[in-house]
Amino acid sequence: TQDLLINSEKLLAVGELAAGVAHEIRNPLTSIAGFVHILPSAPLEKQSLYAQFIKGEIERIDRIVSELLTLSKPRVMKYAPARLDAVLVEVIYLLEAQAHLNTVQLVPQFDASASEVMCDENQLKQVFINVMKNAIEAMPNGGGLTIGLRPTDGAVEVSFRDTGQGIAEDQLKRIGSPFFTTKETGTGLGLLASKRILENHQGFMEITSQPGEGTTVTITIPLRLSTIDQRVCSASATNIN
Ligand code: ADP
Ligand code: MG
Numbered sequence: 210t211q212d213l214l215i216n217s218e219k220l221l222a223v224g225e226l227a228a229g230v231a232h233e234i235r236n237p238l239t240s241i242a243g244f245v246h247i248l249p250s251a252p253l254e255k256q257s258l259y260a261q262f263i264k265g266e267i268e269r270i271d272r273i274v275s276e277l278l279t280l281s282k283p284r285v286m287k288y289a290p291a292r293l294d295a296v297l298v299e300v301i302y303l304l305e306a307q308a309h310l311n312t313v314q315l316v317p318q319f320d321a322s323a324s325e326v327m328c329d330e331n332q333l334k335q336v337f338i339n340v341m342k343n344a345i346e347a348m349p350n351g352g353g354l355t356i357g358l359r360p361t362d363g364a365v366e367v368s369f370r371d372t373g374q375g376i377a378e379d380q381l382k383r384i385g386s387p388f389f390t391t392k393e394t395g396t397g398l399g400l401l402a403s404k405r406i407l408e409n410h411q412g413f414m415e416i417t418s419q420p421g422e423g424t425t426v427t428i429t430i431p432l433r434l435s436t437i438d439q440r441v442c443s444a445s446a447t448n449i450n
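According to the UniProt record's numbering, the sequence shown is numbered sequentially starting from 210.
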């Protein structure tokens with residue numbers, strides 16, 4: 210086990226984010242300002258509706274700020290050996306209720322013969338949760354999410370295959386860039402954070418999708434970190450397409 214202090218500046222291109230943050234927060238602020246302006250003279254029966262809108266926009270800002278905080282927090286990575294089948298079982302358990310509510314079937318298909326990797330278990334859990342939530346959210350009318358695990362050469366491959374709406378080709382390129390979301394209540398930060406975490410594990414993520422058929426997210430994590438040196442870690446390749 211080794212603790213690594215990761216400089217937040219290395220994790221994020223701050224400049225790139227700043228413009229996005231300003232934009233993402235200004236939008237709800239503008240609409241809050243609008244509702245506050247009309248609220249006093251609005252008919253009584255409309256007032257609580259407008260108050261609801263305002264509340265919704267405030268919650269949106271709150272979500273964005275929370276996700277940004279998790280992204281930018283300098284954190285100590287704690288690497289230790291962990292079996293990915295066990296990690297996945299826990300994550301599946303955590304998301305079972307949400308899957309059930311969406312009539313989504315979670316189907317584990319594990320070949321766990323060699324699934325122990327050096328990782329920060331909590332961080333990897335966060336990645337798996339982000340990816341699985343996206344899959345569940347992509348299946349509003351129910352479906353299946355198959356979670357695969359298999360050893361590959363020097364690495365472990367974890368795949369998440371859903372039967373959801375899929376991703377249009379022009380959108381596939383933009384996924385994982387800051388604030389790219391197609392959801393009304395999305396932040397577009399989940400996969401960005403996931404990419405960063407995987408980089409720190411010298412791993413990567415690939416997404417393939419067939420609009421109308423479904424999406425598969427494949428995550429590869431090496432069994433061992435080739436060096437614990439963070440400069441090397443953050444220079445490792447990431448591929449999200
Ligand atoms: P958010 O979930 O807040 O929108 P993410 O970074 O987690 O942000 O995802 C970005 C976008 O990628 C989503 O808004 C969605 O359009 C797309 N996406 C990610 N995973 C899937 C999936 N399994 N099926 C369809 N679209 C997906
Ligand atoms: Mg998400």
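Using N, Cα and C, we set each Cβ at its ideal position, and we do this for glycine too. These figures come from a predicted structure and were not determined experimentally.
Reference residue i; option with closest CA among the options
i, options, result
"residue 401", "331, 279, 318 and 425", "279"
"residue 379", "419, 403 and 368", "419"
"residue 294", "271, 410 and 368", "368"
"residue 292", "358, 312 and 275", "358"
"residue 234", "265, 344 and 285", "265"
"residue 354", "230, 435 and 427", "427"
"residue 408", "423, 377 and 435", "435"
"residue 422", "386, 370, 385 and 343", "370"
"residue 344", "307, 296 and 386", "307"
Backbone CA spacing between residue i and residue j [nearest angstrom]
i, j, result
"residue 228", "residue 236", "13 angstroms"
"residue 217", "residue 251", "Low confidence applies here, because residue 217 scores a pLDDT of 44, under 50, leaving its location unreliable and the question unanswered by this model."
"residue 346", "residue 388", "17 angstroms"
"residue 415", "residue 341", "14 angstroms"
"residue 360", "residue 240", "50 angstroms"
"residue 287", "residue 329", "5 angstroms"
"residue 412", "residue 403", "11 angstroms"
"residue 410", "residue 303", "23 angstroms"
"residue 249", "residue 262", "15 angstroms"
"residue 348", "residue 374", "7 angstroms"
"residue 365", "residue 245", "53 angstroms"
"residue 335", "residue 372", "22 angstroms"
"residue 255", "residue 247", "10 angstroms"
"residue 243", "residue 398", "27 angstroms"
"residue 270", "residue 259", "17 angstroms"
"residue 429", "residue 383", "20 angstroms"
"residue 332", "residue 431", "15 angstroms"
"residue 253", "residue 327", "60 angstroms"
"residue 425", "residue 433", "25 angstroms"
"residue 289", "residue 405", "18 angstroms"
"residue 305", "residue 299", "10 angstroms"
First and last residue of the uninterrupted beta strand (DSSP E) at residue i
i, result
"residue 389", "Residue 389 -> no beta strand (DSSP E), and no H or E assigned at all."
"residue 370", "364-371"
"residue 418", "413-419"
"residue 430", "423-431"
"residue 399", "Where residue 399 is concerned, there is no enclosing beta strand (DSSP E), although the alpha helix (DSSP H) it sits in stretches over 399-409."
"residue 354", "352-361"
"residue 374", "From DSSP, residue 374 is part of no beta strand (DSSP E); its letter is neither H nor E."
"residue 434", "It is not in any beta strand (DSSP E) - residue 434 carries neither H nor E in the DSSP assignment."
"residue 317", "313-319"
Limits of the alpha helix (DSSP H) - the one that residue i falls within
i, result
"residue 333", "330-346"
| query | What are the start and end residues of each continuous beta strand (DSSP E) run of 3 or more residues lying completely inside the stretch 226-293, in chain order? | reply | 285-292
For the 8 angstroms Cβ check, are there 3 or more pairs between the stretch 312-323 and the stretch 384-394?
no
- Task: Determine contact between the stretch 312-321 and the stretch 258-276, defined as no fewer than three beta-carbon pairs at a distance below 8 angstroms.
- Result: no
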